[in-house]
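Numbering (this note's numbering), first residue to last: 217 to 804.
Cβ atoms here follow ideal geometry from the backbone N, Cα and C, with glycine treated the same way.
All values derive from a computational prediction rather than experimental measurement.
What follows is the structure, given as structure tokens:
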């Protein structure tokens with residue numbers, strides 16, 4: 217497999233932290249400090265792991281290595297020693313971070329080390345300079361960001377958990393082998409483990425994947441290669457295939473291997489995997505690649521509960537364009553082809569606000585594809601969650617939202633907030649508050665600038681669990697918006713009991729507000745009710761001046777719709793915003 221080895225040599229590199237002494241000097245200058253200022257003396261004030269772990273659901277993920285380096289911090293350091301200890305401290309933190317430690321805990325622990333500027337004449341209490349702590353916070357943020365970026369780059373070709381090459385590498389090898397007319401066999405394997413099974417055995421995805429990889433590799437010969445395709449899904453590639461039945465033999469052997477329990481920590485699991493395969497002997501499709509044909513065979517096996525299905529031409533006709541679309545959406549997610557657009561939310565003039573202003577927007581999902589045109593955000597999101605990529609998607613979405621906020625604040629030098637829509641599965645994810653907290657810390661934005669938008673229907677699946685997640689996010693300082701208000705059967709009750717600061721009136725009431733007196737009464741009632749409870753009101757679907765004027769008379773706080781702007785890319789938004797502000801006329 218010379219081709220694969222060449223690819224590995226290029227992309228399989230260990231992470232290297234890029235904080236040189238010169239870079240450290242530059243950071244120090246930013247805080248008006250010189251090397252001699254940081255020579256010491258240092259004062260250590262203990263902070264116990266119990267103190268920082270009291271709000272941490274997993275006390276085993278506390279930054280122990282990081283704390284150990286802090287505890288050994290010398291009282292005096294020359295410049296060379298300082299560089300050495302800084303380097304050791306950051307590397308110890310990254311080791312903890314890799315095993316699940318939280319950045320906010322490291323930031324708290326970094327306060328253990330105080331740089332003494334003088335000793336108080338009246339006591340032995342040291343007077344400490346907080347600038348050193350600021351430098352540590354700065355360096356921790358940089359190191360964490362560098363490692364996260366490395367993981368994002370690494371994950372383009374490898375799975376971080378299993379360290380297996382992913383489908384991108386596999387497709388590259390297939391393409392090159394086909395060009396050289398090498399006989400290939402491709403076998404895709406789905407473990408047939410859903411989230412309900414995972415909960416019952418109390419095992420997370422990473423443990424399942426590692427156990428499965430270990431078992432599979434025990435039964436593969438040297439002329440086969442294993443790839444990570446996605447959650448619970450793997451690919452097996454054979455070059456110089458001699459006969460098609462080789463794939464069936466490998467699948468049968470693995471089925472037999474999985475008949476034994478899959479060993480997990482404090483548990484075991486019987487797995488009945490599905491297999492879909494294709495060989496270049498059978499691959500005659502002009503519209504589907506070798507990989508796509510193997511996927512078709514696998515899905516055909518899963519739908520019909522066959523453990524092994526080898527591709528044949530008739531399988532292609534079984535699947536409609538819906539299947540192809542779903543596959544394209546997941547590939548777009550994996551290849552980072554999904555985009556976020558911004559639709560402005562405009563605050564209307566009133567007695568305190570003399571001109572209309574835009575200090576917020578809603579983040580909307582978009583996908584530009586030459587074949588699949590006009591796919592709605594709802595269809596994109598439904599497919600992503602249906603296929604089991606919800607956690608990957610929401611992590612990307614939250615991090616992107618926080619990044620956009622930071623970019624807009626920097627570009628326009630003004631406070632700004634973005635509204636992000638969450639769905640039912642997100643509100644049942646106990647890890648979501650921590651994910652949000654980490655993204656906020658990473659991009660150094662105020663928590664209130666991230667507005668979480670939910671609908672009533674999102675709460676109905678498990679309201680108690682959803683409310684617990686909502687309150688934990690609220691405690692971070694994030695705001696909440698209730699979308700499609702007025703369409704649910706118990707909106708008033710929820711508005712009273714939930715930590716909602718923003719109410720969005722559904723566009724189905726707003727669009728006909730000029731023609732329908734009933735809609736006008738409904739909208740006015742919602743505005744008055746929300747205001748009586750201290751909530752801000754946003755009307756969606758405002759498309760013309762008459763509608764805007766009616767809402768202004770009703771004292772609606774904000775509007776969203778095509779009258780001011782459709783959704784747009786960040787670059788277009790950065791052009792639109794100053795143009796919009798320059799055109800506003802103050803109230804008399």
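Residue i vs residue j beta-carbon contact at 8 Å
i: residue 582; j: residue 547; result: no
i: residue 429; j: residue 387; result: no
i: residue 693; j: residue 723; result: no
i: residue 655; j: residue 615; result: yes
i: residue 580; j: residue 559; result: yes
i: residue 399; j: residue 496; result: yes
i: residue 574; j: residue 793; result: yes
i: residue 504; j: residue 445; result: no
i: residue 447; j: residue 604; result: yes
i: residue 730; j: residue 763; result: yes
i: residue 493; j: residue 465; result: no
i: residue 565; j: residue 606; result: no
Anticipated Cβ contact below 8 Å, residue i with residue j, distance rounded
i: residue 597; j: residue 639; result: 6 Å
i: residue 402; j: residue 451; result: 7 Å
i: residue 773; j: residue 563; result: 7 Å
i: residue 470; j: residue 405; result: 7 Å
i: residue 249; j: residue 347; result: 6 Å
i: residue 325; j: residue 263; result: 6 Å
Boundaries of the alpha helix (DSSP H) in which residue i is found, first to last residue
i: residue 566; result: Per DSSP, residue 566 belongs to no alpha helix (DSSP H) and is neither H nor E.
i: residue 325; result: 319 to 325
i: residue 594; result: 593 to 602
i: residue 774; result: It is not in any alpha helix (DSSP H) - residue 774 instead sits in the beta strand (DSSP E) that spans 774 to 776.
i: residue 396; result: Here residue 396 belongs to no alpha helix (DSSP H), and DSSP marks it neither H nor E.
i: residue 351; result: 347 to 371
i: residue 613; result: 606 to 628
i: residue 525; result: Taken as a continuous stretch (DSSP letters only), residue 525 belongs to no alpha helix (DSSP H), being part of the beta strand (DSSP E) at 524 to 526.
i: residue 409; result: Residue 409 -> no alpha helix (DSSP H), and no H or E assigned at all.
i: residue 238; result: 237 to 246
i: residue 515; result: 506 to 520
i: residue 741; result: 733 to 748
i: residue 640; result: 640 to 643
Local conformation of residue i per DSSP, three classes
i: residue 402; result: strand
i: residue 441; result: strand
i: residue 382; result: strand
i: residue 683; result: helix
i: residue 262; result: coil
i: residue 157; result: The structure shown does not extend to residue 157, since the chain is modelled only from 217 through 804, so no value can be given for it.
i: residue 457; result: coil
i: residue 705; result: Its pLDDT being 46, under 50, residue 705 is placed unreliably by the model, and nothing is read from it.
i: residue 793; result: helix
i: residue 547; result: helix
i: residue 768; result: helix
i: residue 576; result: strand
i: residue 492; result: strand
i: residue 287; result: helix
i: residue 754; result: strand
i: residue 452; result: strand
i: residue 667; result: strand
i: residue 311; result: helix
i: residue 255; result: coil
i: residue 714; result: coil
i: residue 476; result: coil
i: residue 657; result: helix
i: residue 164; result: For the chain, the structure presents residues 217 to 804; residue 164 sits outside this window and is missing.
i: residue 330; result: strand
i: residue 375; result: coil
i: residue 696; result: strand
i: residue 562; result: strand
i: residue 293; result: coil
i: residue 222; result: Confidence is the limiting factor: at residue 222 the pLDDT is only 43, short of 50, which leaves the residue's position unreliable and the question unanswerable from this model.
i: residue 426; result: helix
i: residue 306; result: helix
Beta strand (DSSP E) segment containing residue i, residue limits
i: residue 729; result: Note, residue 729: premise wrong, no beta strand (DSSP E); not H, not E.
i: residue 635; result: 633 to 637
i: residue 720; result: 718 to 721
Between the region 616 to 635 and the region 586 to 601, can you find at least three pairs of beta-carbon atoms closer than 8 Å?
no
Closer than 8 Å is the cut-off here; do at least three beta carbon pairs connect the region 677 to 686 with the region 637 to 653?
yes
Three or more beta-carbon pairs under 8 Å between the region 319 to 332 and the region 274 to 289, yes or no?
Cβ pair count under 8 Å is three or more, so yes.
Does the region 512 to 520 come into contact with the region 432 to 443, if we say contact requires no fewer than three beta-carbon pairs (one atom in each stretch) closer than 8 Å?
no
Is it the case that the region 724 to 735 contacts the region 747 to 754, given that we only count it when at least three CB pairs across the two stretches are under 8 Å?
Three or more beta-carbon pairs separated by less than 8 Å are not found between the region 747 to 754 and the region 724 to 735, which leaves the two stretches without contact.
Taking contact to mean at least 3 C-beta pairs separated by less than 8 Å, is the region 297 to 314 in contact with the region 349 to 356?
yes
Give a yes or no on contact between the region 352 to 371 and the region 304 to 320, applying the rule of three or more CB pairs nearer than 8 Å.
yes
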